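Notes follow once the structure below has been shown.
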Amino acid sequence: MLNGTTSIPTLSWDEGTDRQGVYLRVGLRGLFIYIGVYIPIIVFIVVGNGLILLSFLRFKKVRTVSNYYIFALAGVDLLTGLISIPLTICSRLIVSDFTCQASTRSYILFPVYFCGEVSVCILMGITIDRYIAISYPFRYPTMMTPKTTKRFILFLFILTTVHSSLPLWSFGSDRYQWVCTTGPYESSASNIQIISGSLLIPIFILFMTIAYGRIFYIAFVKKSAVSKPSKFKSAHWQKRLRTTLTCAIVIVAFTVCWIPNSCKIIFEIFFAKDAQSLLAIQTFGEWFAFVSSCTNPVIYGLRNENFKQAYRRVFRDCCYRSESIS
């Protein structure tokens, strides 16, 4: 499907190929197909997460402590659409010294690694926040203040920056290694990052399963006790529980989208027999991973009344301004 005939120079890019110049891995038809499957995702990511950011900044009702994580995640997802996806397209389609040498390719893919890993860490942060909210409902407002939440999110960003930058540390490996092949990286730092990154999703799934199993068990036990004393407490508890369920749906959607990309290294070992099959495996896993960045705005709009109202006001304001200009 990605081998359309065209005058654009293409390259088999196996080891030993002449590496001078700039080439495309696919033909013109393949180029249009490859970019075409990503354009709708980029549009949905930018529009959807832009709505979340505007809603959080403009409307006080949306600026709850738990939504600080949503704001941070939306910012990362927006960067995914604006930076990570275009860089991924360039790194997969263009064969040149800049895109295929280990020293420079690591810099190209750094934003991709960073956005993916920080998303996982933020979702873990959301889980911790929900666990405290359900387990310690009376202590939650004092334990998870806006200041504490901001510091924790900053810590997550620093942690993922360090881990995702591992490929930038050569550790004495060949900085000029040609990595646009089916062969392994010689850099131990890159291999550590790739392997640990692949293990991150299974660990993430295990952590989330245990955590949310515990959260909903506590919620079930406390539900009857909280609902008896007053209707106000019952309504407040139901709202907190609904927020927790929404976060769980977000995490499930993220996990489903990221499983193919997490298994990508295994598929590459067993099924990547040549350059074209390697590109197909990489594209399949990465496409599904990027889809996760445009699912969150839809989930918030359907499940969170404050976000739903904020979306409507933002759209109404945009329509009003466009009518005023015309």
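Under my numbering, the first residue of the sequence shown is numbered 109, with each subsequent residue one higher. We put the CB at the ideal spot given by N, CA and C, even for glycine. Values in this document were obtained by computation on a predicted structure and should not be read as measured data.
**Request:** Starting from Phe263, trace the alpha helix (DSSP H) both ways and give me its first and last residue.
**Result:** The residue labelled residue 263 in the question sits at position 155 within the sequence shown. Residues Pro254 to Ser272.
**Request:** Under the assumption that Gln285 contacts Ala210 (Cβ atoms under 8 Å), give the Cβ distance between them as a whole number of angstroms.
**Result:** Here residue 285 is taken as the residue at index 177 of the sequence shown, counted from 1. Here residue 210 is taken as the residue at index 102 of the sequence shown, counted from 1. The Cβ separation is near 4 Å, so the contact holds.
**Item:** Leu165 classed as buried or exposed, judged by whether at least 16 other C-beta atoms fall within 10 angstroms
**Value:** Residue 165 sits at position 57 when you count from the first residue of the sequence shown. Exposed is the call here.
**Request:** Output yes or no for whether 7 Å exceeds the beta carbon distance between Ser227 and Val170.
**Result:** Taking the first residue of the sequence shown as position 1, residue 227 is located at position 119. Taking the first residue of the sequence shown as position 1, residue 170 is located at position 62. Contact flag unset, no.
**Request:** Identify whether Val203 lies in helix, strand or coil by the three-state DSSP scheme.
**Result:** Indexing the sequence shown from 1 puts residue 203 at position 95. DSSP places Val203 in strand when its eight states are reduced to three.
**Message:** So if DSSP puts Leu349 in a beta bridge, which residue, or which two residues, is it bridged to?
**Reply:** By 1-based counting over the sequence shown, the position of residue 349 is 241. Per DSSP, none; premise fails for Leu349.
**Message:** I need the straight-line Cα distance from Ile303 to Pro310, nearest angstrom please.
**Reply:** In the sequence shown, residue 303 corresponds to position 195, counting from 1. In the sequence shown, residue 310 corresponds to position 202, counting from 1. Each residue's Cα considered, the two are about 12 Å apart.
**Message:** When you compare the CB positions of Ile240 and Met232, do they come within less than 7 Å of one another, or not?
**Reply:** Taking the sequence shown and counting its residues from 1, the one referred to as residue 240 is at position 132. Taking the sequence shown and counting its residues from 1, the one referred to as residue 232 is at position 124. Against a cut-off of 7 Å, the Cβ pair of Met232 and Ile240 comes out as no contact.
**Message:** In whole angstroms, give me the CA-to-CA distance for Pro275 and Phe218.
**Reply:** The residue labelled residue 275 in the question sits at position 167 within the sequence shown. The residue labelled residue 218 in the question sits at position 110 within the sequence shown. Roughly 8 Å between the two C-alpha positions.
**Message:** If I measure Cβ to Cβ from Phe167 and keep anything under 6 Å in the same chain, skipping five residues before and after, which residues do I get?
**Reply:** Counting from one through the sequence shown, the residue named residue 167 turns up at place 59. If we look at Phe167 and ignore the five residues flanking it on each side, its Cβ neighbours are Ala418.
**Prompt:** Using the C-alpha atoms, what's the distance from Arg133 back to Asp126?
**Reply:** For the purposes of this step, residue 126 is identified with residue 18 of the sequence shown, where counting begins at 1. For the purposes of this step, residue 133 is identified with residue 25 of the sequence shown, where counting begins at 1. Confidence at Asp126 is low in this model, with a pLDDT of 48, below 50, so the placement of that residue is unreliable and no value is reported for it.
**Request:** Check the DSSP bridge columns for Tyr131 and list the partner residues they point to.
**Result:** Taking the sequence shown and counting its residues from 1, one reaches residue 131 at position 23. Answer by DSSP bridge pairing, in chain order: Val203.
**Request:** With DSSP as the reference, label Cys223 as helix, strand or coil.
**Result:** By 1-based counting over the sequence shown, the position of residue 223 is 115. In the structure shown, Cys223 sits in a helix (DSSP, three-state: H, G or I).
**Request:** Report yes if the C-beta distance between Leu161 and Ala180 is below 7 Å; otherwise report no.
**Result:** Within the sequence shown, the letter at position 53 stands for residue 161. Within the sequence shown, the letter at position 72 stands for residue 180. Cβ distance not < 7 Å, so Leu161 and Ala180 don't count as in contact.
**Request:** Could you round the C-beta distance between Tyr221 and Ser272 to whole angstroms and report it? I think they count as a contact, below 8 Å.
**Result:** Here the question's residue 221 lines up with position 113 in the sequence shown. Here the question's residue 272 lines up with position 164 in the sequence shown. Indeed, because the Cβ distance is near 4 Å, the residues count as touching under 8 Å.
**Cutoff 6 Å; reference Ala327; Cβ partners in own chain excluding five residues on either side** = As a position in the sequence shown, residue 327 is number 219, starting the count at 1. Correct list, in chain order: Ile242 and Leu349.
**Request:** Could you pull out every unbroken alpha helix (DSSP H) segment of at least 4 residues lying fully inside the segment 168-202, listed in chain order?
**Result:** 175-187 and 193-201
**Prompt:** What first and last residue would you give for the alpha helix (DSSP H) that runs through Phe140?
**Reply:** For the purposes of this step, residue 140 is identified with residue 32 of the sequence shown, where counting begins at 1. Leu136 to Arg166 is the extent of the alpha helix (DSSP H) around Phe140.
**Asked** Quick one: Cα of Leu201 to Cα of Lys255, how far?
**Response** Along the sequence shown, one-based indexing puts residue 201 at 93. Along the sequence shown, one-based indexing puts residue 255 at 147. Approximately 43 Å, taken between the alpha carbons.
**Request:** For Lys258, count neighbouring Cβ atoms within 10 angstroms of its own Cβ and tell me buried if that reaches 16, exposed if not.
**Result:** Locating residue 258 in the sequence shown gives position 150, where the first residue counts as 1. It counts as exposed.
**Prompt:** How many whole angstroms separate the CB atoms of Ser204 and Val151, which I take to be in contact at a CB cut-off of 8 Å?
**Reply:** The sequence position of residue 204 within the sequence shown is 96, counting from 1. The sequence position of residue 151 within the sequence shown is 43, counting from 1. Actually they do not touch by this definition, with Cβ atoms about 28 Å apart.
**Message:** Please report the straight-line C-alpha distance between Ser400 and Trp366, rounded to a whole angstrom.
**Reply:** Translated into positions along the sequence shown, residue 400 becomes position 292. Translated into positions along the sequence shown, residue 366 becomes position 258. Cα to Cα, the separation comes out at about 7 Å.
**Asked** For Tyr177, which option in Thr317, Phe260 and Phe415 has the closest C-alpha, if you only look at C-alpha atoms?
**Response** The sequence position of residue 177 within the sequence shown is 69, counting from 1. Checked all of Thr317, Phe260 and Phe415; the closest Cα to Tyr177 is Phe260.
**Message:** Rounding to the nearest angstrom, what Cα-Cα distance links Arg441 and Ile149 in this structure?
**Reply:** There is no way to answer for residue 441, as the model of the chain reaches only from 109 to 434.
**Request:** Give the straight-line distance between the Cα atoms of Ser370 and Tyr428, rounded to the nearest whole angstrom.
**Result:** Locating residue 370 in the sequence shown gives position 262, where the first residue counts as 1. Locating residue 428 in the sequence shown gives position 320, where the first residue counts as 1. The straight-line gap from Cα to Cα measures roughly 44 Å.
**Asked** Where does Gly144 land, buried or exposed, given buried means 16+ other C-beta within 10 angstroms?
**Response** Numbered from its first residue, the sequence shown carries residue 144 at position 36. The residue is exposed, with fewer than 16 neighbouring Cβ atoms inside 10 Å.
**Message:** Just to confirm before moving on: does the CB-CB distance between Ser214 and Thr207 stay below 7 Å?
**Reply:** Numbered from 1 along the sequence shown, position 106 holds the residue referred to as residue 214. Numbered from 1 along the sequence shown, position 99 holds the residue referred to as residue 207. No, they are not a contact pair.
**Asked** Under a Cβ-count criterion, where at least 16 other Cβ atoms within 10 Å of its own Cβ denotes burial, should Ile359 be classed as buried or exposed?
**Response** Looking up residue 359 in the sequence shown gives position 251. Buried.
**Message:** Looking only at its chain, what residues have a beta carbon closer than 7 Å to the beta carbon of Gly158, apart from the 5 residues adjacent to it on each side?
**Reply:** If you number the sequence shown from 1, residue 158 lands on position 50. These residues qualify, in order along the chain: Leu186.
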